[in-house]
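Note that my numbering has the sequence shown beginning at 2, numbered continuously upward.
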Amino acid sequence: MSDLASRPFYDEYAWAYDLFTRPPSAARLDFIAEAFTRRGAGSHLLDAGCGAGAYALGLARRGYAVEGVDLSPGLVAEVRSRVEAARADGGQSLEVSFKVGDILDLPAEARFGGLLCRGVLNDLLDGRSRGRAFTSFAGALRGGGAVVLDVREWETTARRKIREPVSEKTVETPRGPLTFRSETRVDPGTRRLLVEERHTLRHAGGAETVACYDFQMRCWTREELEKRMARAGFGGFEFYGGYDRGTPAGATDRLVCVATRV
Numbered sequence: 002m003s004d005l006a007s008r009p010f011y012d013e014y015a016w017a018y019d020l021f022t023r024p025p026s027a028a029r030l031d032f033i034a035e036a037f038t039r040r041g042a043g044s045h046l047l048d049a050g051c052g053a054g055a056y057a058l059g060l061a062r063r064g065y066a067v068e069g070v071d072l073s074p075g076l077v078a079e080v081r082s083r084v085e086a087a088r089a090d091g092g093q094s095l096e097v098s099f100k101v102g103d104i105l106d107l108p109a110e111a112r113f114g115g116l117l118c119r120g121v122l123n124d125l126l127d128g129r130s131r132g133r134a135f136t137s138f139a140g141a142l143r144g145g146g147a148v149v150l151d152v153r154e155w156e157t158t159a160r161r162k163i164r165e166p167v168s169e170k171t172v173e174t175p176r177g178p179l180t181f182r183s184e185t186r187v188d189p190g191t192r193r194l195l196v197e198e199r200h201t202l203r204h205a206g207g208a209e210t211v212a213c214y215d216f217q218m219r220c221w222t223r224e225e226l227e228k229r230m231a232r233a234g235f236g237g238f239e240f241y242g243g244y245d246r247g248t249p250a251g252a253t254d255r256l257v258c259v260a261t262r263v
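Right, here's the structure in full:
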């Protein structure tokens with residue numbers, strides 16, 4: 002996973018990460034908080050692969066003590082600066098902290114009652130790292146702790162990316178218009194997505210800065226996810242097609258799982 006820390010959105014364009022990602026809705030945060038409450042997770046949470054911290058901050062505003070960990074120094078620096086700015090302005094005091102770290106090597110201290118992991122498990126390409134992720138999660142959680150996570154579901158993701166391989170969006174930023182373009186090819190033999198990204202920042206006067214990055218993601222099936230989690234000591238599985246108990250698994254290209262460390 003270490004090479005992904007150099008992905009432009011995680012490094013030189015970390016400041017623009019939230020401009021291209023949808024912030025968590027109140028309903029989505031409600032789902033996560035309700036799942037943790039229902040599973041008796043308590044108030045101490047770990048956001049594993051926290052990105053720019055939108056979910057950690059949203060949960061902290063709901064009264065949770067949240068620790069975020071991410072492999073990207075750029076994203077961690079970005080969210081730390083936001084928290085410090087909010088505190089300096091006398092805003093809401095939040096019990097939240099962020100550090101650089103690898104979700105495959107979390108301290109096995111059983112400190113947390115709940116763990117959130119969104120999207121980053123798709124970056125794990127081989128079986129060894131996929132299994133290690135859940136062993137790491139299990140060590141970080143106390144007995145009876147809960148996990149809420151999401152991954153890309155293979156079949157629906159493949160159909161969508163074959164139908165719509167290209168995505169492009171331009172936003173206005175203080176540094177000039179920034180265009181993000183992504184083109185994805187599907188490899189059915191390995192359940193991988195082969196992704197080509199291009200970031201184009203247009204400066205005043207017409208000059209451009211371009212950053213390109215190619216990488217792979219590997220999708221999941223429900224069967225693989227449940228099997229690997231069970232081996233690491235998780236049970237009581239619930240699967241959904243989104244952060245909504247009314248959306249069944251398989252209805253979307255996302256697979257959301259709620260489980261307990263048994």
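For every residue, glycine included, the Cβ atom is placed at its ideal position computed from N, Cα and C.
Note down, in chain order, each residue of its chain lying with its Cβ closer than 6 angstroms to the Cβ of R40, except the 5 sequence neighbours on either side.
Its chain contains A147, T261 as the residues whose beta carbon lies nearer than 6 angstroms to that of R40, once the 5 sequence neighbours on both sides are disregarded; these appear in chain order.
Which residues DSSP lists as bridging K170, in chain order
K170 pairs with F181.
Look at the alpha carbon of L195 and the alpha carbon of Y214, and state the distance between them as a whole number of angstroms.
Distance between the alpha carbons of L195 and Y214 is about 11 angstroms.
For R63, the residue or residues it bridges with in DSSP
Per DSSP, R63 has no beta-bridge partner at all.
Exposed or buried, which one is G69 when buried takes at least 16 other CB atoms within 10 Å?
With 16 or more Cβ atoms within 10 Å of its Cβ, G69 is classed as buried.
Secondary structure of Y18, DSSP reduced to three states:
DSSP places Y18 in the helix class (H, G or I) of the three-state scheme.
Nearest neighbour of L105, chosen from R83, L72, G114 [CA to CA]:
Checked all of R83, L72, G114; the closest Cα to L105 is L72.
Give the single residue among A250, G234, L117 whose Cα lies nearest to the Cα of Y241.
It is A250 whose Cα lies nearest to the Cα of Y241.
Same chain only: Cβ atoms within 6 angstroms of F181, ignoring 5 sequence neighbours per side
Closer than 6 angstroms at the Cβ level, and outside the excluded window around F181, lie F21, K170, H200.
Per DSSP, what kind of secondary structure is R192 in: helix, strand or coil?
Taken through DSSP and simplified to helix, strand or coil, R192 comes out as coil.
In this structure, does DSSP put Y244 in helix, strand or coil?
Correct three-state label for Y244: coil.
Helix, strand or coil for R133, going by three-state DSSP, please let me know.
Secondary structure at R133: helix, using DSSP grouped into helix, strand and coil.
Thinking C-alpha only, which one of F99, R119, W155, E13 is nearest L30?
Per the Cα distances, R119.
How long is the line joining the alpha carbons of L47 and P108, rounded to whole angstroms?
Between L47 and P108, the C-alpha separation is close to 12 angstroms.
Put T305 into one of helix, strand or coil per three-state DSSP.
An answer regarding residue 305 cannot be provided, because it is not within the stretch 2 to 263 covered by the chain.
Who are the Cβ neighbours of K100 in its own chain at under 6 angstroms, not counting the five residues just before and after it?
Same-chain partners within the cutoff: V70.
Endpoints, the beta strand (DSSP E) within which S98 is located
Per DSSP, the unbroken beta strand (DSSP E) holding S98 starts and ends at 97-101.
Can you list, in chain order, the residues of its chain with a C-beta nearer than 7 angstroms to that of Y65? Leave out the 5 residues immediately preceding and following it.
For Y65, where only same-chain residues beyond five positions count, the Cβ hits under 7 angstroms are S44, L46.
Could you pull the DSSP bridge partners for P24 from this structure?
In DSSP, P24 forms no bridge with anything.
Determine the burial state of G207: buried for a count of at least 16 other Cβ atoms within 10 Å of its Cβ, exposed for fewer.
G207 comes out exposed.
Among the residues of its own chain, which have a CB less than 7 angstroms from the CB of T222, if the five just before and after it don't count?
Cβ neighbours of T222 beyond the five flanking positions: W155.
Cβ neighbour criterion (16 or more within 10 Å) applied to K228:
With fewer than 16 Cβ atoms within 10 Å of its Cβ, K228 is classed as exposed.
To the nearest angstrom, report how far apart P25 and R192 are at their CA atoms.
About 27 angstroms.
Check each candidate in R232, F216, D12 and name the one with the smallest Cα separation from N123.
Nearest C-alpha to N123: F216.
N-terminal and C-terminal residue of the beta strand (DSSP E) that L126 is part of
For L126, there is no enclosing beta strand (DSSP E), as DSSP marks it with neither H nor E.
Within 8 angstroms, strictly: CB atoms of A111 and R143:
In contact: A111 and R143 (Cβ atoms closer than 8 angstroms).
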